[in-house]
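Chemist: In my numbering, the protein residues as written are 27 to 468.
For every residue, glycine included, the Cβ atom is placed at its ideal position computed from N, Cα and C.
As the structure is a prediction and not an experimental result, all values here were calculated from the model.
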């Protein structure tokens, strides 16, 4: 009996698959978005509750220290990452596991090596200078920065491998579970309402997250592919140095204001700024982060194609979805925040409520700016990305250095708004120029 030859499945572009599937596609897409939104919302709410707990029971000065450490968990990965995270993520999207895992191992191994060299040096310098940062606090902070760096890079690589739900689950453990743990223990046992207890709880869940990541390498003998390949370093670094400039510029431009506020205005006002920024950041976490995570891999794949029609359709739809969610969340936050402040017992927060409105508006602009940053990354516009980020960082540092000492928190908040608006305008213009220049002429 002659064997039959069956045609393989027809692969349609994303926009044509949506048309073909009809309501089923959109129901599944909505379910995916809502699921990711709930997971990200849980993390954001946990951090929000921790900010309230810290302000209420520990004090604004401890909240200021926590805010500086949170800024460090973003700045340190940019400095230690050497620009390779996004560079490697673009390469591993569609590679077989045997080829992707060595790149992932190289990325994590390099990060761990940098921390194991820098941390002892930093502690030695702290001791030689007479402990300007108490040694106990310095050790806890160093461990947090290392484990957060390794965990965040692993989550990014899992997303690139289309393991979005696994990545978000581990991110919740790393970023959402420990605040709830600390709050619960603190409410039950008042003697644990200290900064040391807060940081210890953070480290404990980061350690658990690392053990789970290692356990994921056991099934199927994945660990065999995690062998170090030192020859990869120079090959990857040559292509990632532009992205490194972008990472350093973006993160320093975003978080340098906290360090300037602590320098010029003190830890309590740093705590005020951190508190309002944390509330506004709820909107950013639930939109620019969550909505884009499920679409990063398709966006990167569409950006590689010569014909940008599919990319344009995907990017346009994402901007509409992100904008709608951001405006909805912004309205809710604007209503809830003033009603909440009287219950915290911190008059300094109520006295500076007007600063919050500026920070909220600035964060809305930041959502739009970050969405177009992902679009430029997918289009491989690395030089433009780095130039824009460096310009933004220099402008932010200059404005903060002038306005924060002169106008206090108003100066820092206005700088945040001006820089976010400027980045949005420039990235929007460059993206549109690139996309429309590559669209076929009809």
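Taking C-alpha atoms, which residue in 292, 135 and 381 lies nearest to residue 111?
Modeler: Closest by alpha carbon: 135.
Chemist: Report buried or exposed for residue 442, applying the criterion of at least 16 other Cβ atoms within 10 angstroms of its Cβ.
Modeler: Residue 442 should be labelled buried.
Chemist: Counting C-beta neighbours from all protein chains within 10 Å, is the total for residue 408 16 or more, i.e. buried, or is it exposed?
Modeler: Its Cβ being crowded by 16 or more others within 10 Å, residue 408 is buried.
Chemist: Taking the alpha helix (DSSP H) that residue 378 belongs to, which residues open and close that run?
Modeler: Run containing residue 378: none; DSSP gives neither H nor E here.
Chemist: Under the assumption that residue 170 contacts residue 76 (Cβ atoms under 8 Å), give the Cβ distance between them as a whole number of angstroms.
Modeler: Going by Cβ atoms, the distance from residue 170 to residue 76 rounds to 14 Å, so no, they are not a contact pair.
Chemist: Return the first residue and the last residue of the alpha helix (DSSP H) that residue 353 is part of.
Modeler: Taken as a continuous stretch (DSSP letters only), the alpha helix (DSSP H) holding residue 353 covers 335-366.
Chemist: So, with DSSP's three-state summary, where would you put residue 417?
Modeler: DSSP places residue 417 in helix when its eight states are reduced to three.
Chemist: So, does the segment 78-94 touch the segment 288-304, judging by three or more C-beta pairs under 8 Å?
Modeler: A contact exists between the segment 78-94 and the segment 288-304.
Chemist: Taking the alpha helix (DSSP H) that residue 193 belongs to, which residues open and close that run?
Modeler: Element bounds for residue 193: 190-197.
Chemist: Can you look up residue 292 in the DSSP assignment and give me helix, strand or coil?
Modeler: The answer is coil: DSSP assigns residue 292 none of H, G, I, E or B.
Chemist: Let's test the definition: count the other Cβ atoms within 10 Å of the Cβ of residue 102 and tell me whether it reaches 16, buried, or not, exposed.
Modeler: Buried, because 16 or more other Cβ atoms sit within 10 Å of the Cβ of residue 102.
Chemist: Going by other Cβ atoms of all chains shown within 10 Å of its Cβ, with 16 needed for buried, is residue 214 buried or exposed?
Modeler: So residue 214 ends up on the exposed side.
Chemist: By how many angstroms is the C-alpha of residue 402 removed from the C-alpha of residue 459?
Modeler: Cα-Cα distance, rounded: 11 Å.
Chemist: In chain order, what residues of the same chain lie with their CB nearer than 8 Å to the CB of residue 231, ignoring the 5 residues before and after it?
Modeler: Only 199, 200, 203, 204 and 207 meet the Cβ criterion.
Chemist: Please determine, among 347, 188 and 66, the residue with the shortest C-alpha to C-alpha distance to residue 117.
Modeler: Looking at the Cα atoms, 188 is the closest of the given residues.
Chemist: Would residue 124 be called buried (16 or more neighbouring beta carbons within 10 Å of its own) or exposed?
Modeler: Classification for residue 124: exposed.
Chemist: Tell me whether residue 215 sits in a helix, a strand or coil according to DSSP, three-state version.
Modeler: Coil.
Chemist: Just to confirm, is the Cβ distance from residue 149 to residue 177 under 8 Å?
Modeler: No, these two residues do not count as a Cβ contact at 8 Å.
Chemist: Alpha helix (DSSP H) containing residue 84: first to last residue?
Modeler: That residue, residue 84, is in no alpha helix (DSSP H); it is neither H nor E in DSSP.
Chemist: Per DSSP, what kind of secondary structure is residue 160 in: helix, strand or coil?
Modeler: If DSSP states are grouped into helix, strand and coil, residue 160 belongs with coil.
Chemist: Roughly how many whole angstroms lie between the Cα atoms of residue 368 and residue 346?
Modeler: Taking the straight line joining both Cα atoms gives about 36 Å.
Chemist: For residue 426, tell me which candidate among 78, 82 and 440 has the shortest Cα-Cα distance.
Modeler: Out of 78, 82 and 440, 440 has the C-alpha closest to the C-alpha of residue 426.
Chemist: Grab the span of the alpha helix (DSSP H) containing residue 311 for me, first residue to last.
Modeler: Premise fails: residue 311 is in no alpha helix (DSSP H) and is neither H nor E.
Chemist: Measuring only the C-alpha atoms, how far is residue 431 from residue 71?
Modeler: If I take the Cα positions, the gap works out to 32 Å.
Chemist: From this set, 405, 397 and 449, which residue's C-alpha is nearest residue 420's C-alpha?
Modeler: The candidate whose alpha carbon is nearest that of residue 420 is 449.
Chemist: Within the same chain, show all residues whose beta-carbon is closer than 8 Å to that of residue 100, passing over the 5 residues directly before and after it, in chain order.
Modeler: Hits under 8 Å: 277, 280 and 281.
Chemist: Identify, in the order they occur along the chain, each residue of the same chain with its Cβ nearer than 8 Å to the Cβ of residue 236, setting aside the five sequence neighbours on each side.
Modeler: For residue 236, where only same-chain residues beyond five positions count, the Cβ hits under 8 Å are 173, 176 and 177.
Chemist: Using three-state DSSP, classify residue 470 as helix, strand or coil.
Modeler: Limits of the chain in this structure are 27 at one end and 468 at the other, which puts residue 470 out of reach.
Chemist: Does at least one heavy atom of the ligand SAM sit under 7 Å from the Cβ of residue 185?
Modeler: Summarising the ligand content, the structure contains no ligands, and the ligand SAM is consequently not present.
Chemist: Could you check where the alpha helix (DSSP H) with residue 226 kicks off and where it finishes?
Modeler: Residues 221-241.
Chemist: Between which residues of its own chain and residue 47 is the CB-CB distance below 7 Å, once the five residues before and five after are set aside?
Modeler: Only weak support exists for where residue 47 lies, its pLDDT of 47 falling under 50; the coordinates are left without a value.
Chemist: By a C-beta neighbour count over all protein chains shown, 10 Å radius and 16 as the cutoff for buried, is residue 212 buried or exposed?
Modeler: Residue 212 comes out buried.
Chemist: So what's residue 434 in DSSP terms, helix, strand or just coil?
Modeler: In this structure, residue 434 counts as coil in the three-state DSSP scheme.
Chemist: Out of curiosity, what's the CA-to-CA distance linking residue 223 and residue 216?
Modeler: C-alpha separation (whole angstroms): 11 Å.
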